[in-house]
Every structure is written in structure tokens, then in C-alpha cells.
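Under my numbering, think of the first position of the sequence shown as 96, with each following residue one higher. Backbone N, C-alpha and C define an ideal beta-carbon position, used for all residues, glycine too.
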Amino acid sequence: MNTRDLQYFAMLVKLKNYTQVAKYFNVSQPSITQAIRRLEQEFDTKLVRKDRVHRDEMITRSGQLLYEKALAINKKIDITHQEIARSDQRQIKFGLPPIIGKMYISHIIGNLSKQLLQRIKIVSVGSHELLSELQAGKIDIAMLGSIAPIDQNGIFAELITARPFSIIVSADHPLAKKKEVSFQDLTNEIFINYDQQYVHKAAFQAYSTYAQINPQTAIYKVPNVSWIKELVRQNKGISLMVKDAVKDEPGIVALDIKDPIPEKFFISLATREDYILSDDEQQLITKLKEITPVA
Numbered sequence: 096m097n098t099r100d101l102q103y104f105a106m107l108v109k110l111k112n113y114t115q116v117a118k119y120f121n122v123s124q125p126s127i128t129q130a131i132r133r134l135e136q137e138f139d140t141k142l143v144r145k146d147r148v149h150r151d152e153m154i155t156r157s158g159q160l161l162y163e164k165a166l167a168i169n170k171k172i173d174i175t176h177q178e179i180a181r182s183d184q185r186q187i188k189f190g191l192p193p194i195i196g197k198m199y200i201s202h203i204i205g206n207l208s209k210q211l212l213q214r215i216k217i218v219s220v221g222s223h224e225l226l227s228e229l230q231a232g233k234i235d236i237a238m239l240g241s242i243a244p245i246d247q248n249g250i251f252a253e254l255i256t257a258r259p260f261s262i263i264v265s266a267d268h269p270l271a272k273k274k275e276v277s278f279q280d281l282t283n284e285i286f287i288n289y290d291q292q293y294v295h296k297a298a299f300q301a302y303s304t305y306a307q308i309n310p311q312t313a314i315y316k317v318p319n320v321s322w323i324k325e326l327v328r329q330n331k332g333i334s335l336m337v338k339d340a341v342k343d344e345p346g347i348v349a350l351d352i353k354d355p356i357p358e359k360f361f362i363s364l365a366t367r368e369d370y371i372l373s374d375d376e377q378q379l380i381t382k383l384k385e386i387t388p389v390a
């Protein structure tokens, strides 16, 4: 079977127009027609109705079944192309969220050989986005943050550690004199919150729901965690952050959270379940597992 035929067929189901499919792939219309015929011969069934009255009815039941499988096959092929290209280049695409990077990058660099470091290309965005990139084959290994152990189809994730959240405030904020605080005490505070790609947003919502409060959130559209820290440092608001991520940060004080809910920042090493690690990637994972969690 020609896998290109499956790509043509999947696009035909989507567009329901032979001419548009041919234009999309920059081929002749007869090429699309022949591809559909080959698939019908392969599966000994009719995939497309020739006597259709409405375009919405052009795909048969057999065609609908093949379409779902074709999408999965096409995705696997696309991922395989990416994996092989990186393998040929001996490149390791490694996802490292900004907060986890802050906590671990010095340990990572200190524990890896120069040769291995030269092959690693770090992608640094939020954990939600990294998980999507891992599923799509754009990266092969990632350290991910979450508020619960990762349980995603097609992803193998091994828990490395779980770290506490804290409330971070400016050293000039009245709360800076405290060592701990409950969320209910923060009703009137302005929080500098995160966008959806950071797991902190879910943790913030969990604490707020437990305390039965609806805190004010500042309308800042900041691109990364460093900006959140800077706004907190300048006393423009307070925020929720993994305690380790603000260790030794001048002008910022981290307060323990008294609320007795089991919210933790879980850090996991993740790969695709069917991905075959190279020797270099296996060495990277082994070294990452040896890193002692931040005290």
C-alpha cells in the first residue's frame, strides 16, 4: 500500500472535493482518483459513493472507518519522519519548562559530557505545550511539570519528584514578614497569574476553590516566569510559584501555604511509549534521574 494514498484519502474526506485535494497536494486530479481506486482494491470495498446526491454523504461507512485509521497512520508516519531526521543528525530534542529549567539546568550541565550537551537542543515552553509537542513528535524527551502524575495515552512518564508550591511576595510587601499564609488570607491581594500553558494556573484554581475565594488577578500578559518574578519583585502583585524556583531570588520572599490540600508540583520524565531511545538519549535520561531534588 502506498502511504501517500492514505494522505490523499484523508484530505478527500476533509474537503470532499477531488479538485481541491489535487490542488492541495499539487498533483493532477486523476492522481487522486487513482489513489482512491487503489485503496478500494486494497480493502475490497467502496470508500466513495459515485452516485451521491449531497457532498456530506460521499464517504461510505467503510470509508469512514478507514479515515480514522488513516489519520492515525499519517500521524505516525509524520512523527517517524521527524524522529529519523533527528537521529540522522544525532540531535536530541529535549523539552525543559522555564521553571524546571531554573531549578535543574546547572545540575544538568554539570552532569553531562560536553559531547552530549552539544547534541541537545532544548525547547523551553510551558509543560502543557511541551506535552503536545511530545505527542506530535516535535520533541522526544521532556521534563514536565504537573499537579498530578501524568496519565496520557501514548506517553510514558516516570515521576522524578514532587515539590511544594508557595506564595511569593516582594520583600517590601507586608506579608514578607510572615513565614506561612493561608489562601483565605489573600482574598484582597492582587495575583499575577499564568497563562494556560503553565500548570500553576490549575494549582491556583485548586487553592482558590478550597479556600472558597475569588482572588483578583492582574491583567498582565507576560511571556514567561521571569517576568512574573520581576513584577512580584516590584510589588505589583503576588503570585503562586514552586518554592524551589525562587530560591536565592533577591527581593522576593516565598511563604509556605498552610491550606491542607495535596497540591504539589510533580516533575516527571516523559517520552512517547513507542519511541526507541538512542544510546545518547538513554544516557541523558539516566543522568537526569541521578539529579538530587532541590532541598
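*The alpha helix (DSSP H) spanning Met198 covers which residue range?*
193-206
*C-alpha gap between Asp374 and Gln136, whole angstroms*: 43 Å
*Apply the 10 Å Cβ neighbour rule to Glu163 and answer buried if 16 or more other Cβ atoms are within range, or exposed otherwise.*
exposed
*asked:* Quick check on the DSSP output: the beta strand (DSSP E) that includes Thr366 runs from which residue to which?
replied: 359-367
_Straight-line Cα distance separating Asp343 from Val108_ = 56 Å
*With a 10 Å radius around its C-beta and 16 neighbouring C-beta atoms as the bar for buried, classify Gln102 as buried or exposed.*
buried
*Cα separation between Glu368 and Gly249?*
5 Å
*Give the secondary structure of Met238 by DSSP, where H, G and I count as helix, E and B as strand, and everything else as coil.*
strand
*Terminal residues of the continuous alpha helix (DSSP H) containing Phe278?*
Neither: Phe278 is in no alpha helix (DSSP H) and is coded neither H nor E.
*Can you tell me where the alpha helix (DSSP H) with Glu253 in it begins and where it stops?*
Note, Glu253: premise wrong, no alpha helix (DSSP H); beta strand (DSSP E) at 250-265.
*Alpha carbon to alpha carbon, how far is Leu372 from Arg99?*
27 Å
_Can you tell me whether Ala390 is helix, strand or coil according to DSSP?_
Unreliable positioning characterises Ala390 in this predicted model, as indicated by a pLDDT of 47, which lies under 50. A coordinate reading is not provided.
*Would you kindly work out how many angstroms separate the C-alpha atoms of Lys296 and Ile242, rounded to a whole number?*
10 Å
*Kindly list the residues whose CB is nearer than 7 Å to the CB of Ile172, restricted to its own chain and excluding five residues on each side of it in sequence; keep chain order.*
Thr98
*asked:* Quick check on this structure: which residue in Leu211, Arg214, Ile245 has the alpha carbon closest to the alpha carbon of Ser227?
replied: Ile245
*Terminal residues of the alpha helix (DSSP H) in which Lys76 lies*: In the structure as shown, the chain starts at 96 and stops at 390, and residue 76 therefore has no counterpart that could be examined.
*asked:* I need the straight-line Cα distance from Pro193 to Leu166, nearest angstrom please.
replied: 33 Å
_Identified DSSP bridge partners for Met336_ = Ser261
*Would you grab the beta carbon distance between Ile323 and Ile380 for me? Rounded to a whole angstrom, and I think it's under 8 Å.*
The pair is not a contact, with the Cβ atoms about 30 Å apart (cut-off 8 Å).
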